Amino acid sequence: MSVLDHLLCPLDQHPLSWVGNSLLCPQGHSFDRARSGYVNLLPVQHKHSRDPGDSKEMVAARREFLNGGSYRPIADALWTGVHAHFSSSQPMTVFDAGCGEGYYLDHLVSGLREAGYTVAAQGLDISKWAVTAASKRNSEIGWIVGSNAALPTPAARFDLLLCLFGYPVFSEFARVLKPDGLLLMADAGPDHLIELRRVLYPEIHPYRDHHAGVIDGFEPLEEQVVRFEFELTSGAAIGQLLAMTPHLHKAPFAGREAAQALERIRLTADVRLRSYRLCG
Ligand SMILES: C[S@@+](CC[C@H](N)C(=O)[O-])C[C@H]1O[C@@H](n2cnc3c(N)ncnc32)[C@H](O)[C@@H]1O
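In my numbering, the protein residues as written are 731 to 1010.
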């Protein structure tokens, strides 16, 4: 069985099946597997730009930064949260919507497998650069270029859906989760990277919590604050962190210059990890 099974044609939603190195739908639409193993199910007509999602440079910066281990406590908290909800006696299906270059899904799936779980996992991102990097990280996960706006996945397929620092489309998440399925979201809290933001911006805007309210179709279960400090001790590492955030484009020139001149900074990570159950 392939890690890229149970997919739907993004053009007509018919089931796709493998013929050699291509996924084919009964209407004749065909999608080739890339050399690194992922499949691109984002048709040109669903793209809003020529190169949607995170750029090659942002993906490279995120991969280097995450590989450095500074956000490992977030990955560990995710694993602990998932372990608390699922039993290793049942096989589980996991989907990461907006998986980036795959750091968190790889960490989670590796941890689950080490703990004796049977896991079938897929990660999807709209950035082909992100998915290319992800497919080099772990070939036992199915990696897909696609959009959260129209997941190429049958209804009621997944036990667990992750949306980490991403762009949720709750109607799609509700469609692809099994009844009773779990949604786990990670988002920045009010103090996230506050020390860097103070360097970047003349004024810190009040915190806007985008997902604090009721989410249609989901019952909130738990909220965990993952808060810790870490230190970056080189201009290169600070540059990578900056390049993987929207601040690189949003912050004023003077702020970016000041941040780029830093050689060392102590930072606060403040992340909200929230879980929701799909309502029946
Ligand atoms: C802040 S990054 C987070 C990546 C990853 N979840 C992580 O935490 O490392 C947001 C990701 O969402 C992707 N993205 C943006 N719009 C998307 C969409 N409509 N569907 C799927 N992914 C999307 C970007 O390409 C990017 O990789």
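For glycine and all other residues, C-beta sits at the position ideal for the given N, C-alpha and C.
All values derive from a computational prediction rather than experimental measurement.
Exposure label - residue i; buried when at least 16 CB within 10 Å
i, result
"Phe761", "buried"
"Lys858", "buried"
"Gly758", "exposed"
"His940", "exposed"
"Val956", "buried"
"Asn751", "exposed"
"Asp946", "exposed"
"Glu959", "exposed"
"Asp784", "buried"
"His977", "buried"
"Arg1002", "buried"
"Ala805", "buried"
"Tyr833", "buried"
"Pro932", "exposed"
"Val774", "exposed"
"Ala916", "buried"
As assigned by DSSP and simplified to three states, the class of residue i
i, result
"Asp836", "helix"
"Asp921", "coil"
"Ser732", "coil"
"Met788", "helix"
"Gln852", "strand"
"Asp1000", "strand"
"Ser818", "coil"
"Lys908", "strand"
"Ala885", "coil"
"Leu962", "strand"
"Lys945", "Looking at the sequence provided, one finds Ile at residue 945 rather than Lys. Coil."
"Ala805", "helix"
"Ile934", "coil"
"Gly799", "coil"
"Gly846", "coil"
"Val929", "helix"
"Ala991", "coil"
"Thr975", "coil"
"Gln954", "strand"
"Arg986", "helix"
"Arg867", "helix"
"Gly830", "coil"
Residue closest to residue i, alpha-carbon to alpha-carbon, out of the options
i, options, result
"Gly872", "Ala850, Ala860, Glu987", "Ala850"
"Tyr768", "Gly876, Ser817, Leu912", "Gly876"
"Val906", "His778, Tyr834, Glu961, Thr823", "Thr823"
"Ala967", "Pro740, Pro756, Gln775, Gly798", "Gly798"
"Leu772", "Thr883, Gln954, Val839, Arg1007", "Thr883"
"Phe900", "Cys739, Ala918, Tyr931, Val944", "Val944"
"Ala820", "Gly896, Ala989, Thr848, Leu741", "Sequence inspection shows Gln at residue 820; the Ala mentioned does not correspond to that position. Nearest C-alpha to Gln820: Thr848."
"Gly1010", "His776, Gly853, Leu738, Ala904", "Ala904"
"Phe948", "Ser964, Glu902, Ala984, His979", "Glu902"
"Glu831", "Gly811, His813, Gln852", "Gln852"
"Ile934", "Ala807, Glu961, Ala981", "Ala981"
"Pro756", "Leu881, Val812, Leu737", "Leu737"
"Gly828", "Ala807, Gly896, His979, Gln743", "Gly896"
"Leu962", "Tyr801, Thr810, Leu881, Ser818", "Tyr801"
"Ile995", "Phe983, Gly965, Asp917, Ser766", "Gly965"
"Leu894", "Leu914, Leu881, Ala886, Ala885", "Leu914"
Sequence-distant residues of the same chain with beta carbon closer than 8 Å to residue i, five excluded per side
i, result
"Arg780", "none"
"Phe888", "Thr823, Val824, Phe825, Val906, Leu907, Lys908, Gly911"
"Asp836", "Ala864, Arg867, Asn868, Ile871"
"Ala879", "His776, Val899, Glu902"
"Val839", "Val824, Val849, Ala851, Asn868, Glu870, Ile871"
6 Å CB neighbourhood of residue i in its chain, flanking five on each side removed
i, result
"His815", "Leu912"
"Leu923", "Leu997"
"Val861", "Tyr768, Asp855, Trp873, Val875"
"Leu734", "Val769, Gly872"
"Leu890", "Val824, Leu912"
Close beta carbons around residue i, own chain, < 7 Å, minus the five adjacent residues each side
i, result
"Ser732", "Trp748"
"Leu951", "Ser1005, Tyr1006, Arg1007"
"Glu794", "Gln970"
"Met974", "Met788, Ala791, Arg792, Phe795"
"Pro920", "Tyr937, Asp1000"
"Ala989", "Leu926, Val929, Leu930, Ile968, Leu972"
"Leu754", "Leu746, Ser747, Ser760"
"Ala807", "Gln954, Val956, Leu1003"
"Ser818", "Ala845, Gly846, Tyr847"
Any non-hydrogen atom of ligand 2 within 8 Å of residue i CB
i, result
"Gly758", "Although ligand 2 was asked about, the structure shown includes only ligand 1 as ligands."
Handout entry: By C-beta, the residues closer than 5 Å to any heavy atom of ligand 1, given in chain order
Key = Gly783, Asp784, Gly828, Gly830, Asp855, Ile856, Ser857, Ala860, Ser877, Asn878, Leu894, Phe895, Gly896, Tyr897
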